[in-house]
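These notes concern the structure reproduced below.
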Amino acid sequence: MRKKNFFAGPSVLPLEVLEKIRDQIVDYEGEGLSMIEASHRGGMFEKMYDEALSTFRRLLDIPDDYDVYFLGGGATLQFTMIPQNFLIKGKKASYVKTGSWSNKAEKDAEKIGDVEIAWDGKDINYTRIPKPEELKVSPDSSYLYLCANETIGGIEWRNFPSVSIPLIADMSSDILSRPVDVSRFAMIYGGVQKNMGPAGATFIIMKKDMLEKRNENLTAYMDYALHSKEKGLYNTPPVFSIWAVKLVLDWVEKMGGVKKMDERAEAKSSLIYSIIDSSDFFTSPVEKESRSRMNIVFRLPSEELEARFIEESKKEGMLGLKGHRSVGGLRASLYNACPMEDVEALAAFMKEFERKNG
């Protein structure tokens, strides 16, 4: 029996995607070899890759004047690539610090050039997203950077800021969970291992005219212009990860697209938040208007009860409910592939645990 997977990443994948990988791992679509041993310069891979990019474009309605491709190195590599390319000498870049991942991105940018902090939620323990009027952004900044969903703190941007400078967003953990107006962003990127597939690939969505504003004399792999020219295939790509992403994208489209994922995210997260809000036993540290639908963080009256909750949930086949080591507590990650029945099982377990221990 499969476990109920609430890990924050790598995370749950659709069962039918796993089954398709199992069925085709040795012989891909009757080709006589596996996708993961085929040349990335050959027709078999190129067809799969092009189909993945086309489906991704359809799902997010990505305009034609945007590049779309995959790279390796994870989202963390982008913390360096973005300022190396776009933090123009003599100018600053603006960063919104809403939690662990945006903090890490800002720290890397500081080592490359001048950075201004548009807003920092440290004093309130990163429990909410800033209000529009709280953002302090210089009109001559090279770009404004934010993380759309902070997996550790469990906060998510519901409405993105309107700014006159290029807007760059890390959407590693909430991509495809809701409609996004891509045209408002200069760049959207993310690691795929939370909402799109297994670890290995990073998706890049970038307005093509950003390449006209980049620094020059970059090393080859760090230059977005080279990756744009090569469609992300400058060097050997993370083939297995991209193949799995392609299957997940097909699944999302089959399920009804991003609109359906949005409805599922609302239903799943609302079920758990309703239990938290109707209880004096469970508490949420996050302000309601900033709560993530992907990563629900919550606390119990004591760490002893939290440890018991984790151990007893494991006995019920539920994994990944321990909060991040840096903040403690509990966390349930409800990504697109997390089945509603697993969320309903968690909800029932929470109610029963409160009845016995509250």
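Residue 113 in full-length UniProt numbering is what sits at position 113 of the sequence shown, and the numbering runs on without skipping anything. Glycine included, C-beta positions come from ideal geometry on N, C-alpha and C.
By how many angstroms is the C-alpha of isoleucine 272 removed from the C-alpha of leucine 321?
Distance between the alpha carbons of leucine 321 and isoleucine 272: 13 angstroms.
Let me know the secondary structure DSSP gives alanine 169 once reduced to three states.
Alanine 169: strand per DSSP, three-state reduction.
Thinking C-beta only, is serine 141 closer than 9 angstroms to alanine 105?
No.
Could you check which residue in Ala169, Asp280, Pro10 and Asn85 has the C-alpha nearest to that of glycine 197?
Glycine 197 has its Cα closest to that of Pro10, out of Ala169, Asp280, Pro10 and Asn85.
Going by beta carbon distance, what residues of the same chain come within less than 6 angstroms of phenylalanine 6, once the five residues before and after it are set aside?
If we look at phenylalanine 6 and ignore the five residues flanking it on each side, its Cβ neighbours are Gly320, Leu321, Ala332 and Ser333.
Measuring straight from C-alpha to C-alpha, what distance separates aspartate 262 and arginine 308?
If you take the alpha carbons of aspartate 262 and arginine 308, they lie about 33 angstroms apart.
Counting pairs of beta carbons, one from the segment 294–302 and one from the segment 241–259, are three or more of them closer than 8 angstroms?
Result no; under three Cβ-Cβ pairs closer than 8 angstroms.
Going by the beta-carbon positions, is the gap between serine 287 and threonine 151 smaller than 9 angstroms?
With the sequence shown as reference, residue 287 is identified as glutamate, and serine is not the correct amino acid for it. No, these two residues do not count as a Cβ contact at 9 angstroms.
Would you tell me roughly how many angstroms separate the C-alpha atoms of tyrosine 143 and glycine 121, rounded to the nearest one?
Spanning the two alpha carbons is a distance of roughly 20 angstroms.
Looking at aspartate 209: is its Cβ nearer than 9 angstroms to the Cβ of asparagine 195?
Not a contact, by the Cβ cut-off of 9 angstroms.
When you compare the segment 96–110 with the segment 220–232, are there three or more beta-carbon pairs, one atom per stretch, that lie closer than 8 angstroms?
Flag = no, the segment 96–110 and the segment 220–232 do not touch.
Alpha carbons only, please: which of Ser269, Ala8 and Ala38 is nearest the one belonging to proline 237?
Here the closest residue by C-alpha is Ala38.
Taking the Cβ atom as the reference point for each residue, do asparagine 85 and methionine 222 lie within a distance shorter than 9 angstroms?
Yes, the Cβ-Cβ distance between asparagine 85 and methionine 222 is below 9 angstroms.
According to DSSP, which residues form a beta bridge with methionine 187?
BP columns for methionine 187 point to Ile168 and Met206.
Going by alpha carbons, who is nearest to isoleucine 242 out of Ile204, Tyr224 and Lys356?
That would be Ile204, whose Cα lies nearest to the Cα of isoleucine 242.
Sorted by chain position, which residues of the same chain lie with C-beta nearer than 6 angstroms to proline 63's C-beta, five sequence neighbours on each side aside?
Excluding residues within five positions, the ones whose Cβ falls inside 6 angstroms are Ser183.
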